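This report concerns only the one structure given below.
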Amino acid sequence: MGKILGLDIGISSVGWSILDTEKKEIVDMGVRLFETADASNNQQRRFARLARRNLRRKKYRLQKVEELLYEYGFCPPKEFNFNPYELRVKGLNKKLNPEELYVALYHLAKRRGVSYFDEAEDDDKNINESLKVNKELSKEKYPCEIQLERLKKYGKVRGLVEIEDGDGNISILINVFTTSAYKREANAILKQQKKYYPQIDDNFIERYIDLITRKREFYIGPGDEKNRTDYGIYKTDGNTINSIFEELIGKCSIYTDERRAPNASYTAQEFNLLNDLNNLTVTGRKLTKEEKIDIVGEVLNSKVKNFTYKSMMKIIKKVTKLEDVNDIKGYRIDKKGNPEFHNFEVERKARMFFEGTGIDYVNFDIEKKDKFAEVLSLSMDLKTLKRNCNVEFPEFSDEDINNIYLFLQNNRAYFGRWHSFSLKLMREMREELYSSPKNQMNILMERGLKKSIQDSFKGYKYIPEGFLDEEIYNPVVRRAANQAIKIVNAIMKKYGDMEAIIIEMPRETNEKEEKKRINDIQKQNEEEKNKAIAKARNEYGITEKQLYSQKELITKLRLWYQQDGKCIYTGKVISIEDLINKPNIFEIDHIIPKSISLDDSLNNKVLVYSYANQAKGQKTPFQAFYLSTQDINYEDIKLRATKLLERKKISKTKYDLLTFEEDVNKYDVRRKFINRNLNDTRYASRVILNGLQEFMKAKDKNTQIHIIRGKFTYQLRKRWGIEKDRDESYKHHAVDATIIAASYMIGQSDGTVRNPFLQQLGKYNKKLWSIKSNREYDKEVYKLPWPSFIEDLNKATEGIKYSHKIDTKVNRTIADATLYSTRRINGEDFVVNKYKNIYDNKVAKSVIKLIKEDLELFENPNNSKILMRRHDPKTFEKLVKIINEYEGESPNPFEAYRKEHGYIRKYSRKGNGPIIKDIKYLDNKLGEHIELTKTDKLSDTKKVVLLSLKPFRTDVYYNRETGEYKCIAIKYNDIRFKEGKYVLENNIYSELKKARGIDKKYEFRFSLHKNDIVGIVYKEQPEIEYKYRFLSSKADNPNRIEVKPLEKDKFESRMQPTIVRKVLKFNKYYTDILGNMYKSRGEKTKMEFIVDNINDI
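Quick note on my numbering: the sequence shown kicks off at 395 and runs consecutively.
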């Protein structure tokens, strides 16, 4: 074989490279690019469905209210010039005339409210505070009274209302009230109006209250007998199920006929904690059964309200009789880098809450506690909880159920989540989790409960696409892995079996996280470096010349700063003068020798006196100084490290290395370091590793699979002097893949162990290991795979092939969800846009510029772009006056006015007009759009439209007689869904062709989707073909297309060539997954489309 495949798998790219180990050459390299599988898009679709459903139900509710009012003789007014909030408040104590009563009751029915305030809870603390305010106010006032007060005071009720107190603190008011509050108001109004209208009887009141409070049971889902949908209990195949929860909850990943367990169940909480405990080591050993039983007991009986990881560490320390919690290893790490444990949180809260009530929760057996958690997880409101309790716990009284509901309200976040395993499976594993040190995965594998993945390879010559989908839950990683598998298959087809496949996986799961992580690391490093340099300059007068006078001085200063200016081993002060003038008396030491740890990062480095470093040698601090009779003592080192960690001067990783007490001469310990710093052991990485290894075994292939960490390839890149410019082009992905492949070849000379990585590949006997000095390590490990490697790599990058995933998915959003209004001016429609929140400095700057330009361009207000100037000149004059008065004093005149006088208000005689926050203006002429106006209430001069229509594809036609190309832009809203498939109907397509003047003289050439490759040959340069990546065509001129380069994200300026008569040839090219390019020939028009979710991965 002799060929190595390197894969640099990112969240939106896969770089690949093939090296020949025998010929010492780069065989081929390329980059596959695709859009990140952003799960937030699914969330947007869910929210859109929910909004449509709520709108539909609101419309139906108001229709029924209208019918009820008509039935009882109440008709709508001819003119709507009432304030409905004033009428609702008036109706509480005074008689409303029939028209006023209609307006009040109809308006009240518009907002049904939430069943309980917790339904509206949000991650935003301001919103939650506002909900609490509403809850308290609702105890004394009706919603209409609260709403009217806010309308008069702040000029706004709906949405979020920002208010500011005298100290400048901003708080938010939100127009959310409970259904019961609206019901109370409705009853009060109708009780008062019943005195004046005999037709308002108990039947009317009951029917009206039912309409505004009626709520579909959430376990039923959408749809009904007549309008069936697979999202609810009424299925489209005619079946009706009892509840949607069996489908929503899902099945156990092992026992697939068993339902998943609630996360809040006792069994799941115990299972999770035991799994955490079995991953721990304390002073290098595993926990015993007795210790685990004691830890569980201590956790359950803890009365600590704020139970943190420190509480758990304290319990483990107590039970295991440790002297130092830092001897506990193997725990999970949260995003902040702190230890993370499951801790029976729900169980402890339940015990404390029900203590002293009529519910003897603490004495429930485990099965009853599990059922209790299931009931709470399936009960989203009091009504459902009562129904479920009556079935499962008939002994509970109404008072008990009310207490349970209060507990549920206070702990809503813990319920409604489900474990991946069933109660049956976790109960079966319980005893072994206590009695052995094995974690859940070990037990499942030993019991054979994990189905052999090799069964899924039967009948396949190559790796089946999507075979890991059920194992990889993250859609971002799943798509990237599937793209990588396609590349592996294509390479095996072309080049045969590989000797090894070496893979690097992405660290983050979305582009924003990745960019944020990189920026945060760079910012943190820069801040620490700047602080170190500033301290050296300010306190010791170090000059710029001295700063750059010696190699690694800046790194030494950073370490000096981290260590509080002291040697970490001796504790002696390191003076800046000595550091500059006597550099030889100090050294940067690798805490764990580099030949063992494979870690050349700052976390494994300390600044120490040279003699201390010589005394330590190629050992760990513990090995070197634990029994030392010198002035260097390990316990002192540990104490210094602990203090630095507590003050956050050093990271937890550096602390762990400084206090590492295991024997690095043992093979298992060495292997741990390899796994930590070389091999990627994350869950998704292990799934891919195991999956590919199993395929190779099933097919009797000798290909070795390894997944390495980016940290190691970063070190190689740095040592070999290979620059990385992410913005220059996509080629860095292929270069990284080459380095990843090259890591397999490092030091393959006979008789020496060049790299501990090779031990993992079984190339050398572990007896040959020896601890090498850093110089020896660098010479052997970082030696180039062959002498001309860098030169060959530079040449090979010129031939990198790029392949972009074509977007042919048909069921995408047809337009942006933003609604726009329009105004007809002189027979032409213009889009109305607006600047939101003129009190924001950036917005104010744009508004002032708009106003000044408008005043300069248009003397006549009727020609103005600003709607306020056209229709409300007095308010506009007020704005101009504010600008003139405050502009010189403040960057934002509107905010300056607000601080002095309050919000700017629309002109009125009493000075209490609505608050002005936004400025509307006429923007561009109305182009391609979808009109939503379906009401007679709007005049002919106004429309409501959707803009930014999304292009689906562009069809290209050619006239042989004239040599002219014409393009048709097909948008997503041109596609119809009929009989289970998407179609482009002939009549719609004919109209599009007709509009573009395409007759029988034109022949169809090809269709273009996003990321297709196009080639353009101009008549002036017939010998040159310019190749681009197609993005879209302009809606108003489809022959004008937007393109991007193949090898990078974008051109320096926007590229929009027009396919007109000066174009000699316009071609389309296909690329396979490896980037090999083929010209399109004989393509046919496609009019029917099936959603292919497999090929979309």
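Built from N, CA and C at the ideal position, the CB exists for glycine as well.
Since this is a predicted model, take the numbers as computed values, not measurements.
Using the three-state DSSP reduction, which class does residue i fall into: helix, strand or coil?
| i | result |
| --- | --- |
| R806 | helix |
| K1375 | strand |
| V1226 | strand |
| L401 | strand |
| V870 | helix |
| T1327 | coil |
| E1040 | helix |
| V1204 | coil |
| A744 | helix |
| G890 | coil |
| S565 | strand |
| Y649 | coil |
| E664 | helix |
| F1398 | strand |
| L490 | coil |
| F801 | helix |
| K1091 | helix |
| L508 | Reading the sequence as shown, one finds Val at residue 508 and not Leu. Three-state result, V508: strand. |
| V527 | helix |
| I687 | helix |
Please name the residue in the options whose C-alpha comes closest to that of residue i.
| i | options | result |
| --- | --- | --- |
| N1433 | Q1450, D1443 and Y1420 | Q1450 |
| L1051 | I1026, P1179, T1014 and Y1028 | T1014 |
| K1365 | A1209, H736 and I927 | A1209 |
| C469 | L495, K1095 and Y479 | L495 |
| E1185 | I1116, E1250, S1123 and K488 | I1116 |
| I403 | V421, D414 and F428 | F428 |
| W410 | D422, E416 and N1306 | D422 |
| K1243 | G1221, I1277, T1269 and N1256 | I1277 |
| Y1396 | P987, K1319, T1356 and G507 | T1356 |
| I1466 | V1437, E761 and S1474 | It should be noted that the sequence gives Asp, not Ile, for residue 1466. The option with the nearest alpha carbon to D1466 is S1474. |
| N633 | G617, I643, D972 and P1285 | G617 |
| T394 | S637, E734, G1391 and V719 | No answer is possible for residue 394: it lies beyond the span of the chain, which begins at 395 and ends at 1491. |
| M1471 | G1409, G396 and K1428 | G1409 |
| I648 | K832, M820, G485 and L992 | M820 |
Mark residue i as exposed unless 16 or more other C-beta atoms lie within 10 angstroms of its C-beta, in which case mark it buried.
| i | result |
| --- | --- |
| K1189 | exposed |
| T1146 | Reliability of the predicted coordinates at T1146 is poor, the pLDDT of 35 falling under 50, and no value is obtained from them. |
| D517 | Summary for D517: the model assigns pLDDT 47, below 50, so the residue's position carries little reliability; its value from the coordinates is reported in the next sentence. Result: exposed. |
| R446 | exposed |
| K1311 | buried |
| E1294 | exposed |
| H984 | buried |
| K1375 | exposed |
| V459 | buried |
| R439 | exposed |
| S1143 | Note that S1143 scores a pLDDT of 40, beneath 50, so its modelled location is shaky; the value from the coordinates is reported in the next line. Flag for S1143 reads exposed. |
| F1445 | exposed |
| Y1028 | buried |
| V1204 | buried |
Since residue i and residue j are thought to touch, with beta carbons under 8 Å apart, how far apart are those beta carbons, to the nearest angstrom?
| i | j | result |
| --- | --- | --- |
| I1362 | L1386 | 5 Å |
| I866 | A875 | 6 Å |
| I1102 | Y1229 | Actually they are not in contact, since the Cβ atoms of I1102 and Y1229 sit about 51 Å apart, beyond 8 Å. |
| V1225 | T1212 | That belief does not hold up - the Cβ atoms of V1225 and T1212 are roughly 11 Å apart, past 8 Å. |
When DSSP builds the beta bridges, which residues end up paired with residue i?
| i | result |
| --- | --- |
| Y1463 | I1407 and K1473 |
| E1174 | Bridge partners of E1174: none, in fact. |
| H1100 | I896 |
| P733 | I727 |
| Y1383 | In DSSP, Y1383 forms no bridge with anything. |
| Y1214 | V1339 |
| T1519 | Not covered by the structure: residue 1519. The range shown for the chain is 395 to 1491. |
| L681 | For L681, which the question treats as bridged, DSSP gives no partner whatsoever. |
Are the C-beta of residue i and some C-beta of chain D separated by less than 9 Å?
| i | result |
| --- | --- |
| Y500 | No chain D appears in the structure shown, which is made up of a single protein chain. |
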